[in-house]
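This report concerns only the one structure given below.
Numbering (the numbering used here), first residue to last: 1 to 647.
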């Protein structure tokens with residue numbers, strides 16, 4: 001009975017039927033709270049002005065002022081964005097705003113927060129008022145435990161949806177906003193917004209819908225460079241770079257040319273553009289919070305400080321731009337129907353993230369290789385690592401379907417997990433990519449090389465050239481387009497790979513083998529892994545003992561079901577000694593090798609806080625690292641997939 005009472009109260013609060021309860025702990029209004037109006041697809045009367053002052057760099061505070069036109073007296077409900085596009089979850093940081101004041105004609109208006117939908121603020125507009133003024137501080141994180149750092153001494157990242165209130169009752173595309181941004185003097189910026197003027201550090205942008213404003217962030221900084229990636233092209237494509245220092249902006253002509261080739265290869269793949277201009281926003285930094293976030297006419301990206309000055313030493317970010325650029329077609333123009341919500345506060349669904357993110361992961365890697373930003377062998381190594389992770393013995397795939405992982409941005413909200421190998425995080429990215437490799441090689445095989453997934457890309461993303469109004473799609477649309485490329489039961493093909501668990505779950509090796517390669521194991525890391533581990537300070541024994549460590553011998557991850565797992569180890573332990581000698585990556589590798597094929601145990605002393613343990617591992621399988629091995633006598637379809645397109 002208690003549960004029924006609670007549910008009834010919750011429903012009453014949500015729909016405004018029990019206003020007294022809804023005001024507990026808040027300043028009381030003179031009347032009950034009004035229900036939050038449902039969004040309507042009609043134009044909001046007037047233009048909202050939004051002024052941001054981002055010059056308080058030292059304290060990382062942005063001052064915000066808004067003028068919101070109103071049509072008469074009565075309740076006005078203002079919403080702070082909660083469901084942020086590209087984040088796939090309810091992550092809007094409403095707790096980052098403070099000193100909220102709402103006035104009309106100089107009169108302070110009392111506001112009250114809805115205690116069920118806590119991103120909603122209600123005020124009573126007085127008679128005669130034609131607008132309300134909103135002012136607050138956006139208190140951006142100072143340290144990473146507080147959230148992603150978006151302001152440093154040298155640069156900032158303005159995401160408009162993190163610092164705006166908008167009136168409830170209207171579709172986001174029906175609300176027009178006039179944004180203005182004040183920057184420190186001397187700073188320059190990049191954005192997909194159209195600039196009306198930029199003088200004395202104040203950028204005035206053309207009016208834009210709230211939907212597109214939330215999709216048009218700004219990168220600005222003291223050290224800035226813009227590079228034309230499509231000189232003389234049909235529509236501008238620009239690389240806007242901010243950096244921790246001016247020296248980090250240096251780039252060779254060859255490296256820039258590979259970024260231009262990325263744009264050309266995307267044109268040859270998709271055959272259409274769904275933007276009037278596109279701006280890569282790129283932060284070369286170890287101070288700004290890391291990001292890779294898609295938008296329709298831009299993307300937010302952060303890379304290693306050596307991205308331009310030592311590109312051969314920075315692999316971790318190599319396919320980032322290809323991935324985010326692909327999202328302009330997949331996820332932004334062609335958008336899953338259950339992601340196309342009317343406002344930034346309506347819950348979205350993620351059922352098609354294995355297309356939105358999974359196919360984008362696939363094309364991002366393929367385009368990166370076709371552009372020469374990654375070698376064929378490096379791309380093959382990436383496929384090997386992914387195949388090893390999601391092979392038939394993957395512990396997570398034994399209980400949880402890939403389809404269910406699309407709910408993770410809502411369930412977990414992208415927080416770290418203690419046992420990622422069995423919990424299954426956002427596997428729709430990398431395992432999803434393997435589904436698309438499987439589809440690509442199957443189309444090539446069945447058509448005798450006449451067709452490929454490239455044809456799907458043109459049929460699905462390459463139509464309605466120049467149109468950048470979102471085009472929703474469903475599972476049926478995906479399956480039918482595949483059937484138009486190559487006849488077959490594509491719905492069954494996809495559902496088998498998305499929904500199966502346990503013994504029926506099919507590992508992602510079919511696409512590799514049809515592509516002319518098989519997963520194999522060696523005693524040394526493949527070239528990509530070796531370079532990446534050096535770059536990121538990682539030590540990898542995941543496929544032997546089941547341990548991953550950092551260069552200080554601290555365990556960072558334990559693979560579920562591995563010898564380390566069976567010994568009761570978790571992340572956080574420090575390896576002190578191995579077989580009686582001081583611990584090091586070399587000492588661990590030598591101990592694993594010495595125990596291979598015999599009965600000699602591996603003895604390891606570990607420390608966690610003031611606790612010590614000694615473990616004797618009865619593991620004798622030697623060092624194991626994934627790689628791809630060519631299947632002799634078969635077509636190199638995977639090589640064809642990675643080869644650049646000439647037209």
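Note that the Cβ used here is the ideal one computed from N, Cα and C, for glycine as well.
- Annotation: residue 529 to residue 230 spans about 33 Å, alpha carbon to alpha carbon.
- Sequence-distant Cβ neighbours of residue 140 in its own chain, meaning closer than 6 Å and more than five residues away, are 60, 150, 151.
- Where residue 228 is concerned, there is no enclosing alpha helix (DSSP H), although the beta strand (DSSP E) around it starts and stops at 224-228.
- Put simply, the backbone Cα of residue 582 is about 21 Å away from that of residue 542.
- Taking 8 Å as the cut-off, the Cβ atoms of residue 131 and residue 77 do not count as close.
- Here residue 300 is near residue 217, since their CB atoms are less than 8 Å apart.
- Excluding five sequence positions before and after residue 558, the CB atoms of its chain that fall closer than 7 Å to its own CB belong to 546, 547, 564, 565, 569, 570, 571, given in chain order.
- Judged by DSSP in its simplified three-state form, residue 157 adopts strand.
- Of the other Cβ atoms in all chains shown, fewer than 16 fall within 10 Å of the Cβ of residue 480; this residue is therefore exposed.
- Three or more pairs of CB atoms, one per stretch, sit closer than 8 Å, so the segment 397-411 contacts the segment 420-431.
- Selection 98, 290, 418 evaluated against residue 556 yields 418 as nearest (Cα-Cα).
- Of the candidates 221, 117, 134, 330, 221 places its Cα closest to the Cα of residue 158.
- Within the DSSP bridge table, the entry for residue 74 names 125 as partners.
- Between residue 620 and residue 596 the beta-carbon gap is near 6 Å, inside 8 Å, which marks them as a contact.
- According to the DSSP assignment, residue 294 belongs to the beta strand (DSSP E) that extends over 292-294.
- Between the alpha carbons of residue 607 and residue 519 lies a gap of roughly 36 Å.
- Contact between the segment 506-516 and the segment 429-442 is present: 3 or more CB-CB pairs across the two stretches fall below 8 Å.
- Contact annotation: the segment 85-99 touches the segment 158-175, with at least three C-beta pairs closer than 8 Å.
- For residue 66, the beta-bridge partners assigned by DSSP are 50, 134.
- Of all alpha-carbon atoms in 96, 603, 345, 287, the one lying nearest the alpha-carbon of residue 39 is that of 345.
- 349 is the residue among 431, 349, 460 whose C-alpha sits nearest the C-alpha of residue 409.
- When DSSP reads this structure, residue 282 sits in a beta bridge with 241, 301.
- In this structure, the alpha-carbon of residue 612 lies about 7 Å from that of residue 605.
- For residue 275, the closest C-alpha among the options 484, 237, 635 is that of 237.
- Assigned with DSSP and collapsed to three states, residue 629 falls in strand.
- Short of 8 Å from the beta carbon of residue 391, and not among the five residues preceding or following it, lie these beta carbons of its own chain, in chain order: 507, 508, 509, 519.
- Collapsing the DSSP output to three states places residue 385 in a helix.
- Residue environment for residue 465: exposed (fewer than 16 other C-beta atoms within 10 angstroms of its C-beta).
- Between residue 119 and residue 94, the C-beta gap is smaller than 8 Å, which places the two residues in contact.
- By the C-beta density criterion, residue 472 is exposed, having fewer than 16 other C-beta atoms within 10 angstroms.
- If you draw a straight line from the Cα of residue 412 to the Cα of residue 148, it comes to about 17 Å.
- By the criterion of at least three beta-carbon pairs nearer than 8 Å, the segment 252-268 is in contact with the segment 366-381.
- Taking 8 Å as the cut-off, the Cβ atoms of residue 64 and residue 135 count as close.
- Burial check for residue 45: the Cβ neighbour count within 10 Å stays below 16, so the residue is exposed.
- Residue 647 is positioned such that its CB atom lies closer than 8 Å to that of residue 268.
- For residue 373, no alpha helix (DSSP H) segment is defined, and its DSSP state is neither H nor E.
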